[in-house]
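As structure tokens, the structure follows; a few thoughts come after it.
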Amino acid sequence: METPAGLLLVGGGHEAVTHIRFLGGAPSRAAARAGAAAGRGLPAPVRSAVRQLEEYFAGRRRRFDLPLRLEGTPFQRAVWAFLLTIPYGRAYTYGEVAAALGKPGASRAVGAAVGRNPVSIVVPCHRVVAAGGRPGGYGGGRAANPVLLPLAGIRL
0 METPAGLLLV GGGHEAVTHI RFLGGAPSRA AARAGAAAGR GLPAPVRSAV RQLEEYFAGR
60 RRRFDLPLRL EGTPFQRAVW AFLLTIPYGR AYTYGEVAAA LGKPGASRAV GAAVGRNPVS
120 IVVPCHRVVA AGGRPGGYGG GRAANPVLLP LAGIRL
């Protein structure tokens, strides 16, 4: 799907959304038409994710209500679960996330887990910033941060 932050690939099955990833480059008209046609046959959780993402980018949604299947190591899943608790308008540093998980000094490990987030935007990894409040190396690309941070109510 096309968004103001870039092209997203949204996928999953009949039970849950499993991935939302940024894709590089601009879609061709043929790819956009094919994606729209394929969207009619998507599983319900994926259709719901697309609808909720459209609402989010239009400024009509702050939280997502989607079934998710997040596969990763226990530490990665703990980081992603914590990210889901970060409220609208709040940013945490990698170090703050590490401390909240009882692992002070594990900010690099948190950064690695954030970078492997399989469900961008819904699991709000863009709300985790570098020390000093600088935008981090967001997995969606640095170009996505100027769009995503204001949508999340964050002013750096």
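All letters in the sequence shown, in the order written, are residues 0 to 155 by numbering that gives the first Met the number 0.
Backbone N, C-alpha and C fix where the C-beta goes; we use that ideal spot for every residue, glycine too.
* Asked: Leu22: which of Ala57, Gly58, Ser119, Glu14 sits nearest, CA to CA?
  -> Ser119
* Asked: Applying the criterion that 16 or more other CB atoms from any shown protein chain within 10 Å of the CB defines a buried residue, is Tyr87 buried or exposed?
  -> Answer is exposed; the Cβ neighbour count stays below 16.
* To do: Answer yes if the stretch 99-108 comes into contact with the stretch 58-66, meaning at least three C-beta pairs across the two stretches below 8 angstroms, and no otherwise.
  => Under the 8 angstroms Cβ criterion, the stretch 58-66 does not count as touching the stretch 99-108, having fewer than three qualifying pairs.
* In three-state DSSP terms, what is Val122? -> coil
* **Expected contact under 8 angstroms - CB spacing of Pro117 and Leu69 to nearest Å** => Confirmed, about 6 angstroms.
* Asked: What is the rounded straight-line gap between the Cα of Leu67 and the Cα of Val16?
  -> 5 angstroms
* Asked: Going by C-alpha distance, which of Pro145, Val9, Arg89 is nearest Arg62?
  -> Arg89
* Close Cβ partners of Pro3 (< 6 angstroms) along its chain, the five nearest in sequence each way excluded -> Phe56, Val146
* Which whole runs of the beta strand (DSSP E) in the stretch 26-107 are 3 residues long or more, in chain order? -> none
* Asked: In three-state DSSP terms, what is Gly10?
  -> Gly10: strand per DSSP, three-state reduction.
* Asked: Which value, in whole angstroms, describes the spacing of the CA atoms of Gly11 and His125?
  -> 21 angstroms
* Kindly list the residues whose CB is nearer than 8 angstroms to the CB of Tyr91, restricted to its own chain and excluding five residues on each side of it in sequence; keep chain order. => Ile85, Ala99, Arg126, Val127, Val128
* Count the other CB atoms within 10 Å of the CB of His18; is the residue buried (16 or more) or exposed (fewer)? -> buried
* For Gly5, does the three-state DSSP call read helix, strand or coil? -> Strand, per DSSP.
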